[in-house]
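Those letters in the sequence shown? Residues 1383 to 1484, by the working numbering.
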Amino acid sequence: MAPRSVFISGGAGGIGLETARLFRDRGWRVGIGDVSTEALARAKAQVDVETFVHDVRDYGEWARALDDFCGVDGGLDVLVNNAGVLTFGWLDEQDPETFATV
């Protein structure tokens, strides 16, 4: 029987990486996605996970990442939407590009 699988967006650091570690320690197959290839490489050096470069704001990249992950055994048991963008300041002081990113 194939292990249960989980995909975690924003999984290359912080809460996402610790969540990946918890699932992996319990025998799950774990995929993590992030926009940073460098952060993904650092995460993979710490935890046995599959890594996927993708930007959660881009539907096509989401589809590719999940298709690639699920294509191995055809399943996905849990999806953790952890990715986020952090910005500081007052809303009315944000430029349009920053506002669109958040």
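Idealized CB from N, CA, C, for every residue including glycine.
Looking at the secondary structure, which residues open and close the alpha helix (DSSP H) in which residue i lies?
{"i": "leucine 1404", "result": "1396-1407"}
{"i": "glutamate 1479", "result": "1478-1483"}
Please report the distance separating the alpha-carbon of residue i from that of residue j.
{"i": "valine 1467", "j": "aspartate 1416", "result": "12 Å"}
{"i": "leucine 1458", "j": "glycine 1398", "result": "17 Å"}
{"i": "asparagine 1464", "j": "glycine 1392", "result": "5 Å"}
{"i": "valine 1435", "j": "serine 1418", "result": "7 Å"}
{"i": "glycine 1396", "j": "glutamate 1479", "result": "25 Å"}
By the DSSP assignment, the beta strand (DSSP E) with residue i in it spans what residues?
{"i": "phenylalanine 1389", "result": "1387-1391"}
Please look up how many angstroms separate the CB atoms of residue i and residue j, rounded, as I've assumed it's under 8 Å.
{"i": "glycine 1413", "j": "glutamate 1432", "result": "4 Å"}
{"i": "isoleucine 1390", "j": "valine 1462", "result": "4 Å"}
Take the Cβ of residue i as the centre, count every other Cβ of all protein chains shown within 10 Å, and call the residue buried at 16 or more, exposed below.
{"i": "phenylalanine 1481", "result": "exposed"}
Report the start-end ranges of each alpha helix (DSSP H) in the region 1403-1463 that is 4 residues or longer and not cut off at the edges. 1419-1428 and 1441-1452
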